[in-house]
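What follows is a set of notes on a single structure, which appears directly below.
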Amino acid sequence: MRRLRSELLSGYVHVTQRGLGRRLIFEDDRDKKRYLATLRDKLENSEVAVLAWTLMPNHVHLLVRAQPPELSGLMQRLGTSYAQYFNGRHGHVGKVFQNRFSSEPVETEGHMLAAIRYIHRNAEVARIADMEGYPWSSYREILGEGSALEGEGICDASKALEFFGSREEFARFHAMENELDGFARVDGYRPRLSDSDARAIASRLCGEGFADSLPSMPKEERDRALGTLKALGLSIRQIERLTGIGRGSIARAR
33 MRRLRSELLS GYVHVTQRGL GRRLIFEDDR DKKRYLATLR DKLENSEVAV LAWTLMPNHV
93 HLLVRAQPPE LSGLMQRLGT SYAQYFNGRH GHVGKVFQNR FSSEPVETEG HMLAAIRYIH
153 RNAEVARIAD MEGYPWSSYR EILGEGSALE GEGICDASKA LEFFGSREEF ARFHAMENEL
213 DGFARVDGYR PRLSDSDARA IASRLCGEGF ADSLPSMPKE ERDRALGTLK ALGLSIRQIE
273 RLTGIGRGSI ARAR
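Using this note's numbering, count along the sequence shown one by one with no gaps and you end on 286.
Pasting the structure below:
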């Protein structure tokens, strides 16, 4: 039976790198391949690991495991190298990227699942392409269906899959009918899930016997599990129906 991790995650960050003034940073597929090739090259000489990525017309999302100094160094080298290529090829002058990339710590397993799904669904939400058919993200790479570049891929697929349990669960979570886009706890947003989706999430995170295992967990571990389920969009009433735990206990759990 798979249990939720009881400790906070450490060193995981959701990075966003945007074009200066939100201008295009990729004119065509050749630019995208060059960016990815440069990223792969810079990763070889660093301690940074990429768990998920997507390229959009004017920005990039990366889910990485890295310490701040390593991450800052990598992003600076990546940005400088790609900007030199981009300006040289297209005859542009000046900066390509905003001065500073943005970064959001990923502190819980629920946040990790939501972040990876958010990254992979970017193109679909922007109505550029379906998630499954978009070649410029790590979605197919993690599923073992090929990479945007020849040779080795960009991301640590095995590490990403540890949070889902299997490729089947990874695909199932991404394909859920109800929206989980964005980080579920930002600005108080809570996606509305069907009971079947709620049950699927609880089963994946806590094991098939979650209805029995959750109530019997030590309080600290149980509260973390309940907090993660709420962060992923399960309502207090849904958790109560699925587990038999009282609403007050669920509401207080963090």
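A virtual CB, placed ideally from N, CA and C, is assigned to each residue, including glycine.
Given the structure is predicted, the values throughout are model-derived calculations rather than measurements.
Check                                                                                                                 : Outcome
Backbone secondary structure at histidine 46 - three-state DSSP                                                       : strand
Proline 89 in three-state terms, based on DSSP                                                                        : coil
Segment contact, 8 Å Cβ cut-off, at least three pairs: the segment 168-183 with the segment 65-74                     : yes
Counted within 10 angstroms of its Cβ, other Cβ atoms place aspartate 229 as buried (16 or more) or exposed           : buried
Delimiting residues of the beta strand (DSSP E) encompassing serine 134                                               : 134-137
Own chain partners of arginine 172 with C-beta closer than 6 Å, once the 5 adjacent residues on each side are dropped : Gly178
Cutoff 6 Å; reference tyrosine 44; Cβ partners in own chain excluding five residues on either side                    : Arg97, Val138
Exposed unless 16 or more other CB atoms sit within 10 angstroms - verdict on glutamine 270                           : buried
Straight-line Cα distance separating lysine 262 from glycine 111                                                      : 37 Å
Secondary structure of leucine 56, DSSP reduced to three states                                                       : coil
Per DSSP, the bridge partner or partners of valine 96                                                                 : Val45, Val82
Rounded C-alpha distance that separates serine 42 from proline 100                                                    : 11 Å
Three-state secondary structure assigned by DSSP to serine 170                                                        : coil
Under the three-state DSSP convention, the category glycine 51 falls into                                             : strand
Where phenylalanine 242 sits in the DSSP three-state scheme                                                           : helix
Backbone secondary structure at phenylalanine 202 - three-state DSSP                                                  : helix
Collapsed DSSP secondary structure at phenylalanine 287 in the structure displayed                                    : Past the boundaries of the shown model lies residue 287; the chain is included only from 33 to 286, so the question cannot be answered.
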